[in-house]
Amino acid sequence: MLAEIGHFALILTLLVAIAQAVLPMLGAIRGDAALMAFGRSAAALQALLIAISFGCLMTLFGQADFSVKLVANHSALSQPLPYRLAATWGNHEGSMLLWVLVLSIYGAGIAKFGDNLRVTLQARILSVQAMISVAFLAFALFTSNPFERLFPVPLDGAELNPLLQDPGLVFHPPLLYLGYVGFSVTFSFAVAALLEGRADPAWARWMRPWVLAAWVPLTCGITLGSFWAYYELGWGGWWFWDPVENASFMPWLIGTALLHSAIVTEKRGSLAGWTILLAILAFSLSLIGTFLVRSGILTSVHAFAVDPERGVFILAMIIGATGTALALFAARAPMLRSGALFGSISRESGLTFNNLLLMALTAVVFLGTFYPVIMEAVSPTNKIS
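If you want my numbering, it's the position in the sequence shown, counting the first as 1, plus 1.
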């Protein structure tokens, strides 16, 4: 029964997210206060429904209900309860549900703590945030249903990968997701600013705490994951140098640049366009990280799934989100020029140089990560593994 409740809650969440994606945006265009207010209520309801769904899945793991395929494949009666619960996100389907849960929590946070935002800006942010939710909820429901039943019911489960039965599993993935998904908020801020044609110091001041809210847990998650890799596999263990580790490192680099750039925009009103571009790229790289882990395009011990169909779905999301945002940026960025200047030797110029350095580092890591894919595409006979 819990599986059906969780599945039904997930379906309701998708319906609420669709309404939240459309109505607040329409309200911002028309200046309709009621439609814009609906966005705040919908964000809270979406978070509640997905929390119910995730709670049902975690309870199924805690109860060791092997009639659910996911539970049977990733837990066993012999596992301690903390690891059975953590196994909820130690797999592809459960981790996607955690992704959507974190996404909805951030959306509810914007609705709850965004009273100081312009009403139209808040409505647009919530609408863009819901559009992202719709894509991931559809992905979870149609390709990665975590509540699929199993018959006949086995007496015991297949157990979680022994390498994952570690305290690191309890904290590392949730921290990474708080960072990864947190950049969706900055992406929503960027797209909303482009739609309004306005990215002023007030906008940067409102966005900067959300950048920090994503950057801090991502930093902690990367650090914890590095420690886990070395004490689990030993010094030189290739897990630490696994290409998918770069999936979290690249958003961290861009997020660091974004944090500094937002300061310049807030204090001097300059670099607004650059700040928006970084906000788009930070979340886009988070999506690319999700693609790397779940598509099988690179050989990785971190891979949750190697299903090409799932990879194509995520690739379509990357193209849709990033392509639309960059096209909007190309059309609207010239409107955001403030003309504010700063000296060649100043704090702002130092932060700008820092941004360029971080962007160069990101480009190097990105090229190094995808070099095997590029080489295989150019010359299939010279596959690099």
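We put the beta carbon where it would ideally sit given N, CA and C, even for glycine.
Computed from a predicted structure; not experimentally measured.
Burial state of residue i, where buried means 16 or more other Cβ atoms lie within 10 Å
i      : result
Gly351 : exposed
Pro81  : exposed
Val379 : exposed
Thr310 : The sequence given here places Glu at residue 310; Thr does not occur at that position. Glu310 is exposed by the Cβ-count criterion.
Tyr178 : buried
Tyr372 : exposed
Ile315 : buried
Tyr232 : exposed
Met208 : buried
Gly369 : exposed
Distance between residue j and residue i (C-alpha atoms, nearest Å)
i      : j      : result
Ala258 : Ile6   : 43 angstroms
Phe184 : Ile281 : 9 angstroms
Leu279 : Gln64  : 44 angstroms
Leu138 : Ile12  : 8 angstroms
Phe284 : Ser189 : 10 angstroms
Ala361 : Asn247 : 15 angstroms
Ile111 : Asp66  : 36 angstroms
Ile53  : Gly270 : 42 angstroms
Val120 : Pro25  : 10 angstroms
Ala214 : Thr353 : 22 angstroms
Leu61  : Ser79  : 16 angstroms
Cβ pair residue i, residue j closer than 7 angstroms
i      : j      : result
Ala44  : Leu127 : yes
Gly274 : Leu219 : no
Ala205 : Thr266 : yes
Leu225 : Phe172 : yes
Ala124 : Gly40  : yes
Pro335 : Leu286 : no
Asn356 : Ser262 : yes
Val192 : Ala326 : yes
Gly169 : Ser76  : no
Ile255 : Thr144 : no
Glu94  : Pro147 : yes
Leu151 : Ser68  : yes
Supposed contact pair residue j and residue i - C-beta distance, whole angstroms, cut 8 angstroms
i      : j      : result
Phe140 : Met97  : 7 angstroms
Leu71  : Glu197 : Not quite, the Cβ-Cβ distance comes to about 42 angstroms (not below 8 angstroms), so this is no contact.
Ala73  : Leu161 : Not a contact, Cβ separation roughly 12 angstroms.
Ala109 : Ala48  : 4 angstroms
Gly91  : Leu3   : No, Gly91 and Leu3 are not in contact; Cβ-Cβ is about 19 angstroms, not under 8 angstroms.
Leu27  : Leu195 : Incorrect: roughly 18 angstroms between the Cβ atoms, too far for contact.
Ile277 : Ala200 : 6 angstroms
field: Three CB pairs or more closer than 8 angstroms across the region 6-22 and the region 130-143
entry: yes
query: Do three or more CB pairs link the region 165-182 to the region 102-111 at distances below 8 angstroms?
result: yes
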